[in-house]
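> The structure follows.
2 protein chains.
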Amino acid sequence: MSLKDKDITIVVDAMGGDFAPGAVVQGAVEAVAESRGRVSVILVGRQAVIESELQKHSPAAAEAKIAGTLRVVNADDVIEMHDAPNAALKTKKNSSIAVGLALHRDGKGDAFASAGNTGAVLSASTLMLGRIKGIGRPTIGAPLPTATHSPCLLLDVGANVDCRARHLYEFGLMGSAYVAAMFGTRHPSVGLLSIGEEETKGNEVTLEAFKLLKESSLNFVGNIEGRDILKGGVDVAVCDGFIGNILLKFGESIPSFLKARFVRYASRGPREKLVALLARSALRSVMQEMDYQEAGGVPLLGVNGVSVIGHGGSTPRAIKNMILLAEKTVLQDVNGKIQDSLHRSRHGEE
Amino acid sequence: MSLKDKDITIVVDAMGGDFAPGAVVQGAVEAVAESRGRVSVILVGRQAVIESELQKHSPAAAEAKIAGTLRVVNADDVIEMHDAPNAALKTKKNSSIAVGLALHRDGKGDAFASAGNTGAVLSASTLMLGRIKGIGRPTIGAPLPTATHSPCLLLDVGANVDCRARHLYEFGLMGSAYVAAMFGTRHPSVGLLSIGEEETKGNEVTLEAFKLLKESSLNFVGNIEGRDILKGGVDVAVCDGFIGNILLKFGESIPSFLKARFVRYASRGPREKLVALLARSALRSVMQEMDYQEAGGVPLLGVNGVSVIGHGGSTPRAIKNMILLAEKTVLQDVNGKIQDSLHRSRHGEE
């Protein structure tokens, strides 16, 4: 039986995110309904609270429970968004994150998804699922919109702050496998973020990473600059998690910045106000494409399992998309493709 | 006699920039005309070519030459935009950059300005003018637009790729003095770019820089995140030149990205086409505020003199603004304010 013939079960952290559990429960009900039974969800968290949220979505939720596509598993502890990840994982043994990941590890679900504390999901996933053999550092990537039709997967965006060249190389390899599997891109182009296109431009770490990437079997296009991300044409942009996190958050702030600029423009006079009013739908459309809610979440790559991380501010729609993204990650066998790429590569860890 | 009563002479690299010498000569003529004799310009470069360009701007250029507000000094060598900076400075001894900086160093002009090879201007300025006592690394900053009325000065944006904590602290000090002098901001707020607001978040270098900035006399507001730049409210954002350069170029690519997105929106149908047409003026206005041409150039801080760096793609208007920016940098005594700040600080180099 191939994976495609099988129903997929996603274990969802019902307590994760700024609007949990309400937004998570609603998003889960919608994901199950939209998938028409293809996706099952296990909601993990404080059972009583989840059940009371589920009642708000009757009869859809009740029907899904009877059909077995929506289940609840209790977990008493909640890791809050502001908790220090490693300390919280130690003191809150029965957190929805730990219980949910254990279900996935033990085969009760095909993937785990959470819009909760990113650091805690990252640490717990790495500890409980383990790393893919040959990968030193699991990474979190994020697809950025571009001027063309294809996004640019930026990684790492915060999982690994101080990196060595070897890690940047691994990010390129995992990113390439992810883009090939998820977006169907053949031989994704991989660029190394730097401060000039020439091989001699960069900092100590990127100069060394350039060599590793150049010698690899990846479709490495060399150094790329900050402007090449939004311009499009590069499928995977590699950098350390310090830079990637700053860039990602800078990018996420563009819509609010533009909104403030247009409000100021509209305040200049009645003519400007009218133009801004008419422009609003165009702007909304353009900004929607920059909206993380659409993507639903970002993949944690390099662990022995599927762990998808949603945005802390996830709405029900973002949660629904996070669950469907987790389903696709399972169906497309991203981890199998990372392993294939490691085997082809001359840089696999011994 | 205070500086304000004195005419200011700006030495301008006539051969620097993608559209040199034509755009530079035109911009210089416009700067002199607009300042009504307050600013004199010395154009440095290949005399015959410059003279022939000047003839295109008669009678304004001829009048300025007679009044002595526009002069030409010959320099036979031209450092091209793609030349390796240090090699070019060695082989092209009589470059417009070297000759121009010597004029400034020898007191023939109050400042030097160039839209040429940034690396060469940086190296030559540091070598020929020397560093301000107490500054280890001169830096290049760039003002970024924000959602509020004040820009955010990002530095370093490429002069210093691998930095130590001490250098980040110096950038904060110089940036703060620049913003206070040039924008009239009292006690500018200084933020350290990192991946979380907490003092414990950062990479090895920023964690140490945090301590230095916290102990200083600067108005240090702690770590800021990528989203805090465009949001506004922070006057100076400190990072190493690798990150700053990537961020700056990413930011510069936003207008083209938006343009492409609106073109795609307009292609959806006649209604969208009309809306996009109407939105065009609003967009143009908003994008203009993101346009580097307006700022004219970025300051090189920390050298014993005034050296302003224009964008390689400078138009005549950008060159004019670059010259007026150099004038203001002299008038506001930015270097004096950097020295004052160093004296107040407990971290001045012994």
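Chains as they are written, first to last, in our numbering: chain A, 1 to 350; chain B, 351 to 700.
Using N, Cα and C, we set each Cβ at its ideal position, and we do this for glycine too.
Determine whether the Cβ of Pro597(B) lies closer than 8 Å to any Cβ atom of chain A.
Start at 1 with the first residue of the second sequence, and residue 597(B) comes out as number 247. Reading off the sequence shown, one finds Leu at residue 597(B), where the question assumed Pro. Yes - at least one Cβ of chain A is within 8 Å of the one on Leu597(B).
> Is there at least one Cβ from chain B nearer than 8 Å to Glu350(A)'s Cβ?
As a position in the first sequence, residue 350(A) is number 350, starting the count at 1. In this prediction, Glu350(A) scores a pLDDT of 37, lower than 50, which makes its location untrustworthy; the coordinate-derived value is nonetheless stated afterwards. Closer than 8 Å: no.
> Looking only at its own chain, which residues have a Cβ that is under 6 Å from the Cβ of Ala492(B), when we skip the five neighbours before and after it?
Indexing the second sequence from 1 puts residue 492(B) at position 142. Leu504, Val507, Leu598, Val648, listed in sequence order.
> Which one or two residues does DSSP pair with Gly141(A) in a beta bridge?
As a first step, residue 141(A) must be located in the first sequence, where it is residue number 141. DSSP output for Gly141(A) lists Leu155(A) as bridge partner(s).
> Put Pro21(A) into one of helix, strand or coil per three-state DSSP.
Along the first sequence, one-based indexing puts residue 21(A) at 21. Pro21(A): coil per DSSP, three-state reduction.
> Tell me whether the beta-carbon of Ser193(A) lies closer than 8 Å to the beta-carbon of Ile243(A).
Reading the first sequence from its first residue, position 193 is the one you call residue 193(A). Reading the first sequence from its first residue, position 243 is the one you call residue 243(A). What sits at residue 193(A) in the sequence shown is Leu, not Ser. Closer than 8 Å, so yes.
> Counting only beta-carbon atoms, is Phe210(A) nearer than 8 Å to chain B?
Mapped onto the first sequence, residue 210(A) falls at position 210. Answer no: the Cβ-Cβ gap between Phe210(A) and chain B never drops below 8 Å.
> Check whether chain B comes within 8 Å of Lys161(A), counting only Cβ atoms and requiring the distance to be less than that.
Your numbering for residue 161(A) matches position 161 in the first sequence. Before going on, a small fix: residue 161(A) reads as Val here, not Lys. Cβ-Cβ to chain B under 8 Å: yes for Val161(A).
> How far does the alpha helix (DSSP H) with Ala497(B) in it reach, from first residue to last?
In the second sequence, the residue the question calls residue 497(B) occupies position 147. Counting along the chain, Ala497(B) falls outside any alpha helix (DSSP H), and DSSP gives it neither H nor E.
> Closer than 7 Å by C-beta to Asp690(B): which residues in its own chain qualify, once you throw out the five before and the five after it? Chain order, please.
Residue numbering aside, residue 690(B) sits at position 340 when the second sequence is read from its first letter. Here the set comprises nothing.
> Per the DSSP calculation, Ile659(B) is bridged to which residue(s)?
The residue labelled residue 659(B) in the question sits at position 309 within the second sequence. DSSP output for Ile659(B) lists Ser464(B), Val648(B) as bridge partner(s).
> Can you pull the chain B residues whose beta carbon is under 7 Å from the beta carbon of Ser285(A), in chain order?
Indexing the first sequence from 1 puts residue 285(A) at position 285. Chain B residues near Ser285(A): Tyr615.
> Kindly indicate the opening and closing residues of the alpha helix (DSSP H) around Thr441(B).
Counted from its first residue, the second sequence places residue 441(B) at position 91. Run containing Thr441(B): 435-441, per the alpha helix (DSSP H) assignment.
> According to DSSP, is Ala428(A) part of a helix, a strand, or is it coil?
This structure cannot settle anything about residue 428(A), because the visible part of chain A is limited to 1 through 350.
> Three-state secondary structure (DSSP) at Thr714(B)?
The structure shown does not extend to residue 714(B), since chain B is modelled only from 351 to 700, so the question has no answer here.
> Where do the N-terminal and C-terminal ends of the beta strand (DSSP E) with Ala45(A) fall, by residue?
Position 45 of the first sequence holds residue 45(A). The identity of residue 45(A) in the sequence shown is Gly, whereas the question assumes Ala. 39-45 is the span of the beta strand (DSSP E), which, as asked, contains Gly45(A).
> Compile a chain-ordered list of the residues in the segment 199-229 of chain A whose CB is closer than 7 Å to at least one CB of chain B.
So the list reads Asn203, Glu204, Glu225, Gly226, Arg227, Ile229, given in the order they occur along the chain.
> Who are the neighbours of Leu258(A) on chain B, taking C-beta pairs under 8 Å?
Counting from 1 along the first sequence, the entry for residue 258(A) is found at position 258. Leu608, Val636, listed in chain order.
> Can you check which of these residues, Leu212(A), Val32(A), Ser125(A), is closest to Asn321(A) by C-alpha distance?
Looking up residue 321(A) in the first sequence gives position 321. Ranking the options by Cα distance to Asn321(A), first place goes to Val32(A).
> Are Val24(A) and Val12(A) closer than 8 Å when you measure CB to CB?
Your numbering for residue 24(A) matches position 24 in the first sequence. Your numbering for residue 12(A) matches position 12 in the first sequence. Against a cut-off of 8 Å, the Cβ pair of Val12(A) and Val24(A) comes out as a contact.
> Would you kindly report the start and end of the unbroken alpha helix (DSSP H) that includes Asn685(B)?
Within the second sequence, the letter at position 335 stands for residue 685(B). Unbroken alpha helix (DSSP H) run through Asn685(B): 684-694.
> Are the CB atoms of Ile42(A) and Val73(A) within a distance shorter than 8 Å?
Locating residue 73(A) in the first sequence gives position 73, where the first residue counts as 1. Locating residue 42(A) in the first sequence gives position 42, where the first residue counts as 1. It is a contact, given that the beta carbons lie within the stated cut-off.
> Can you tell me where the alpha helix (DSSP H) holding Ser539(B) begins and where it ends?
Position 189 of the second sequence, counting from 1, holds the residue named residue 539(B). Taken as a continuous stretch (DSSP letters only), Ser539(B) belongs to no alpha helix (DSSP H), being part of the beta strand (DSSP E) at 539-543.
> Assuming Asn245(A) contacts Gly576(B) (C-beta within less than 8 Å), just tell me the rounded distance between them.
In the first sequence, residue 245(A) corresponds to position 245, counting from 1. In the second sequence, residue 576(B) corresponds to position 226, counting from 1. The Cβ separation is near 7 Å, so the contact holds.
> Who are the near neighbours of Gly305(A) in its chain, counting only those whose CB is closer than 6 Å to its CB and skipping five residues on each side?
Here residue 305(A) corresponds to residue number 305 of the first sequence, with the count starting at 1. Here the set comprises His104, Leu129.
> Spatial neighbours of Gly486(B) within its chain, please: C-beta separation below 8 Å, excluding the five flanking residues on both sides.
The sequence position of residue 486(B) within the second sequence is 136, counting from 1. Result list for Gly486(B): Arg516, His517, Glu520, Glu699, in chain order.
> Would you list the one or two residues that DSSP bridges to Ala587(B)?
Here residue 587(B) corresponds to residue number 237 of the second sequence, with the count starting at 1. DSSP lists Leu504(B), Gly541(B) as partners of Ala587(B).
> I'd like the span of the alpha helix (DSSP H) that includes Asn444(B), first residue to last.
Here residue 444(B) corresponds to residue number 94 of the second sequence, with the count starting at 1. Counting along the chain, Asn444(B) falls outside any alpha helix (DSSP H), and DSSP gives it neither H nor E.
> Counting only the same chain and skipping the five closest in sequence on each side, list residues whose C-beta sits under 8 Å from that of Met1(A).
One-based indexing of the first sequence puts residue 1(A) at position 1. With a pLDDT of 39 at Met1(A), under the threshold of 50, the modelled position of this residue cannot be trusted; read the value that follows with caution. Hits under 8 Å: none found.
> Whole beta strand (DSSP E) runs in the segment 180-228 of chain A with 3 or more residues, listed along the chain?
Correct list: 189-193, 219-224.
> In terms of alpha-carbon separation, which member of Gly466(B), Ala412(B), Ser402(B), Gly372(B) lies closest to Ile659(B)?
Within the second sequence, numbered from 1, the residue matching residue 659(B) stands at position 309. Of Gly466(B), Ala412(B), Ser402(B), Gly372(B), the residue nearest in Cα terms is Gly466(B).
> Closest to Gly296(A) by CA distance: which of Gln55(A), Ala113(A), Gly119(A) is it?
Start at 1 with the first residue of the first sequence, and residue 296(A) comes out as number 296. Comparing Cα positions, the closest option is Ala113(A).
> Using the Cβ count rule (16 or more neighbours within 10 Å means buried), how would you classify Asp456(B)?
For the purposes of this step, residue 456(B) is taken as residue 106 along the second sequence, with counting starting at 1. Exposed, by the Cβ-count rule.
> Once DSSP output is grouped into helix, strand and coil, what is the label at Arg131(A)?
Along the first sequence, read from residue 1 onward, the residue named residue 131(A) stands at position 131. The answer is strand: DSSP assigns Arg131(A) an E or B state.
> From this set, Ile673(B), Leu651(B), Pro666(B), which residue's C-alpha is nearest Gly686(B)'s C-alpha?
Stepping through the second sequence from its first residue, residue 686(B) is reached at position 336. Measuring from the Cα of Gly686(B), the nearest candidate turns out to be Leu651(B).
> Taking 8 Å as the cut-off, decide whether the C-beta atoms of Ala632(B) and Ala616(B) are in contact.
Taking the second sequence and counting its residues from 1, one reaches residue 632(B) at position 282. Taking the second sequence and counting its residues from 1, one reaches residue 616(B) at position 266. Taking 8 Å as the Cβ cut-off, Ala632(B) and Ala616(B) do not qualify as a contacting pair.
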